[in-house]
Amino acid sequence: MRLGTFAVGIFLARMFSHEEFGVYAVVLTVQAVLMTVADFGLSTDLIRSGDHTRKAPTVATLSLGISAVLTAITMAVAAELAASVGAPGGGPVLAVMSLTLLIAGVGVVPYATLQREFRQRELFLISVVDFAVGTALTLVLILAGLGVMSLAVSRVAAQSIAVILQYRFVGERPRLGFDRSVARGVVAFGLPVAGANLLSWALLGADKMLLSGMAGAAALGVYFLAFNIANWPMSALGQVVRSVSLPTFSRVSDATGDRALGIAWGPVWSISVLAGLLLTVLASPAVQLLYGTRWLEAAPLLMILGAFGALRTVLDLATTYLLARGYSTRVLWLQLGWMVILVPGLVLGIRTAGAVGAALAQVTAGALLLLLYGISLARVGTDIRAVWASFWPPLAAAVVAAPAAWACTLIAHRPLVDLLVGGVVGTAVYTALLWRWFRGRLNEARRLGSAHTATLGTEPPGSPSVIGRTVQGGPHHEA
Numbered sequence: 130m131r132l133g134t135f136a137v138g139i140f141l142a143r144m145f146s147h148e149e150f151g152v153y154a155v156v157l158t159v160q161a162v163l164m165t166v167a168d169f170g171l172s173t174d175l176i177r178s179g180d181h182t183r184k185a186p187t188v189a190t191l192s193l194g195i196s197a198v199l200t201a202i203t204m205a206v207a208a209e210l211a212a213s214v215g216a217p218g219g220g221p222v223l224a225v226m227s228l229t230l231l232i233a234g235v236g237v238v239p240y241a242t243l244q245r246e247f248r249q250r251e252l253f254l255i256s257v258v259d260f261a262v263g264t265a266l267t268l269v270l271i272l273a274g275l276g277v278m279s280l281a282v283s284r285v286a287a288q289s290i291a292v293i294l295q296y297r298f299v300g301e302r303p304r305l306g307f308d309r310s311v312a313r314g315v316v317a318f319g320l321p322v323a324g325a326n327l328l329s330w331a332l333l334g335a336d337k338m339l340l341s342g343m344a345g346a347a348a349l350g351v352y353f354l355a356f357n358i359a360n361w362p363m364s365a366l367g368q369v370v371r372s373v374s375l376p377t378f379s380r381v382s383d384a385t386g387d388r389a390l391g392i393a394w395g396p397v398w399s400i401s402v403l404a405g406l407l408l409t410v411l412a413s414p415a416v417q418l419l420y421g422t423r424w425l426e427a428a429p430l431l432m433i434l435g436a437f438g439a440l441r442t443v444l445d446l447a448t449t450y451l452l453a454r455g456y457s458t459r460v461l462w463l464q465l466g467w468m469v470i471l472v473p474g475l476v477l478g479i480r481t482a483g484a485v486g487a488a489l490a491q492v493t494a495g496a497l498l499l500l501l502y503g504i505s506l507a508r509v510g511t512d513i514r515a516v517w518a519s520f521w522p523p524l525a526a527a528v529v530a531a532p533a534a535w536a537c538t539l540i541a542h543r544p545l546v547d548l549l550v551g552g553v554v555g556t557a558v559y560t561a562l563l564w565r566w567f568r569g570r571l572n573e574a575r576r577l578g579s580a581h582t583a584t585l586g587t588e589p590p591g592s593p594s595v596i597g598r599t600v601q602g603g604p605h606h607e608a
């Protein structure tokens, strides 16, 4: 699935101009933010509720109402909204894409039911059908000349089929109803969840919206491509690490809990640094080979954002640790701190150096956020010395491996050869320097996890849960 979305992303980048790709990025960003607001924490509340059947009709009504209002508002102001963020041609596309908000609202109850009952087989099948329909329709419409509009039309069609399948698998039809006492509880739970989710998406979308508004859709298209490539480590590691680390951190004893993050940090950080190193050093041949020479403007951005991709993985690990140990309020404050640091930096960076300035602002804010996390973790009793002991060895190995990988790109001057030889040499040097240390840290992490495998997969009373949900309607295309 992920390989398929990656391949489609390459196809889109080769078919679209920089400006069209920027419009695509704007529409996806706006849709993601609005989808978060439209959900309003309703699916999360229904998944965790012990009274699912009684709540379902009220949740369905609230979800449909919120989604319908947001869809109508978005359609009405689509042209102005697109123009305000530097993509005036994206108004019609955004208007059509807003229909996905309404469709998602209709599907909240069956989606939550499938999640609640751990029916992963059905959810996976829905994702496969969604991807197949969306991809096939996108390719046909692009080849027919619809341009960026093809993405909106295909997303609406694929998501509609996905919701129909959700209802088919749960064996129910849409049921509306309204219980005022249920509604009060649902709204009381959903409002802070929606706020936290909106803040998270605002952080992830601030750079794109500001860059589009200040530098135009073409600049955003180049930046969006580089940012997505830099996120490959997070995409590959994030979901796996989160699914394992959250229950493990939740169950470690108080006596060893302060070292748990340091133990888990080593393997995750080692892999992240290697991925960031290769993306940074081999940015030019990677972009040229996969996306073509007209996207080479993205290579300098990728050289900067490669470091941010590595940082995001361990920042997510630290966030998971804090949530698992019950410090959700600290996570919210850290997110607010991130925004306070990032937004002014983005404005200054974009005004000074355009897309390059935005990339530098991201890395700078990420490094400062890592420092804030260190302070916060120390205050809750985390063994920061254990974290630091796992932090510097991968960096030291990267300092040696980076020149070796870079030197390989000076020999053939052919993207495929440079990428393969540089990747192999860089990985070999990095692994040779770090293997013994990495194996020791990995064994420690395995011992930490094996002590709790008997209880993994069940959430103990009072343990926190991650705020948020997977947006209905399948994966977006990765560039």
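Residues 130 to 608 in our numbering are what the sequence shown lists, from first letter to last.
All C-beta atoms in this analysis are idealised placements derived from N, C-alpha and C, irrespective of residue type, glycine included.
The structure displayed is predicted, hence computed values, not measured ones.
Secondary structure of residue i, DSSP reduced to three states
{"i": "residue 413", "result": "helix"}
{"i": "residue 247", "result": "coil"}
{"i": "residue 540", "result": "coil"}
{"i": "residue 573", "result": "helix"}
{"i": "residue 421", "result": "coil"}
{"i": "residue 522", "result": "helix"}
{"i": "residue 611", "result": "In the structure as shown, the chain begins at 130 and stops at 608. Residue 611 is therefore absent and cannot be evaluated."}
{"i": "residue 183", "result": "helix"}
{"i": "residue 189", "result": "helix"}
{"i": "residue 586", "result": "The predicted position of residue 586 is uncertain, since its pLDDT is 41 and thus under 50; no value can be drawn from it."}
{"i": "residue 514", "result": "helix"}
{"i": "residue 314", "result": "helix"}
{"i": "residue 389", "result": "helix"}
{"i": "residue 336", "result": "helix"}
{"i": "residue 275", "result": "coil"}
{"i": "residue 214", "result": "coil"}
{"i": "residue 319", "result": "helix"}
{"i": "residue 305", "result": "coil"}
{"i": "residue 594", "result": "Because residue 594 sits at a pLDDT of 35, beneath the cut-off of 50, its placement in the model cannot be relied upon, and the following sentence gives the value as read from the coordinates. Coil."}
{"i": "residue 194", "result": "helix"}
{"i": "residue 236", "result": "coil"}
Own chain, CB closer than 6 angstroms to residue i, minus 5 neighbours either side, in chain order
{"i": "residue 161", "result": "330"}
{"i": "residue 347", "result": "147, 148 and 151"}
{"i": "residue 307", "result": "187 and 190"}
{"i": "residue 248", "result": "none"}
{"i": "residue 297", "result": "none"}
{"i": "residue 587", "result": "In this prediction, residue 587 scores a pLDDT of 41, lower than 50, which makes its location untrustworthy; the coordinate-derived value is nonetheless stated afterwards. Closer than 6 angstroms at Cβ, skipping near neighbours: no residue."}
{"i": "residue 485", "result": "none"}
{"i": "residue 360", "result": "438"}
Endpoints, the alpha helix (DSSP H) within which residue i is located
{"i": "residue 150", "result": "147-168"}
{"i": "residue 445", "result": "427-453"}
{"i": "residue 227", "result": "Where residue 227 is concerned, there is no enclosing alpha helix (DSSP H), given that its DSSP letter is neither H nor E."}
{"i": "residue 353", "result": "346-359"}
{"i": "residue 473", "result": "457-508"}
{"i": "residue 294", "result": "278-299"}
Beta-carbon contacts of residue i that lie in its chain and below 7 angstroms, excluding the five residues immediately before and after
{"i": "residue 386", "result": "Reliability fails at residue 386, whose pLDDT of 49 lies under 50, so the model's placement of it is uncertain and the value that follows must be treated cautiously. Answer for residue 386: 454, listed in chain order."}
{"i": "residue 143", "result": "420 and 421"}
{"i": "residue 318", "result": "170 and 174"}
{"i": "residue 338", "result": "158 and 214"}
{"i": "residue 483", "result": "344 and 348"}
{"i": "residue 475", "result": "335, 336, 339, 487 and 490"}
{"i": "residue 545", "result": "418"}
Residue i versus residue j - alpha carbon distance
{"i": "residue 439", "j": "residue 530", "result": "16 angstroms"}
{"i": "residue 232", "j": "residue 555", "result": "47 angstroms"}
{"i": "residue 157", "j": "residue 285", "result": "13 angstroms"}
{"i": "residue 665", "j": "residue 549", "result": "Since the displayed the chain opens at 130 and closes at 608, residue 665 lies outside it and no answer follows."}
{"i": "residue 425", "j": "residue 557", "result": "27 angstroms"}
{"i": "residue 234", "j": "residue 560", "result": "48 angstroms"}
{"i": "residue 328", "j": "residue 203", "result": "19 angstroms"}
{"i": "residue 135", "j": "residue 567", "result": "29 angstroms"}
{"i": "residue 535", "j": "residue 521", "result": "21 angstroms"}
{"i": "residue 547", "j": "residue 452", "result": "42 angstroms"}
{"i": "residue 227", "j": "residue 205", "result": "10 angstroms"}
{"i": "residue 240", "j": "residue 211", "result": "30 angstroms"}
{"i": "residue 466", "j": "residue 413", "result": "33 angstroms"}
{"i": "residue 393", "j": "residue 168", "result": "32 angstroms"}
Whole-angstrom C-beta distance between residue j and residue i, which should lie under 8 angstroms
{"i": "residue 355", "j": "residue 436", "result": "Going by Cβ atoms, the distance from residue 355 to residue 436 rounds to 12 angstroms, so no, they are not a contact pair."}
{"i": "residue 397", "j": "residue 442", "result": "6 angstroms"}
{"i": "residue 236", "j": "residue 292", "result": "4 angstroms"}
{"i": "residue 377", "j": "residue 577", "result": "7 angstroms"}
{"i": "residue 166", "j": "residue 199", "result": "7 angstroms"}
{"i": "residue 335", "j": "residue 469", "result": "No, residue 335 and residue 469 are not in contact; Cβ-Cβ is about 11 angstroms, not under 8 angstroms."}
{"i": "residue 395", "j": "residue 519", "result": "4 angstroms"}
{"i": "residue 523", "j": "residue 497", "result": "Not quite, the Cβ-Cβ distance comes to about 20 angstroms (not below 8 angstroms), so this is no contact."}
{"i": "residue 185", "j": "residue 302", "result": "Actually they do not touch by this definition, with Cβ atoms about 12 angstroms apart."}
Cβ neighbours of residue i in the same chain (closer than 8 angstroms, five flanking residues each side left out)
{"i": "residue 282", "result": "225, 266, 270 and 275"}
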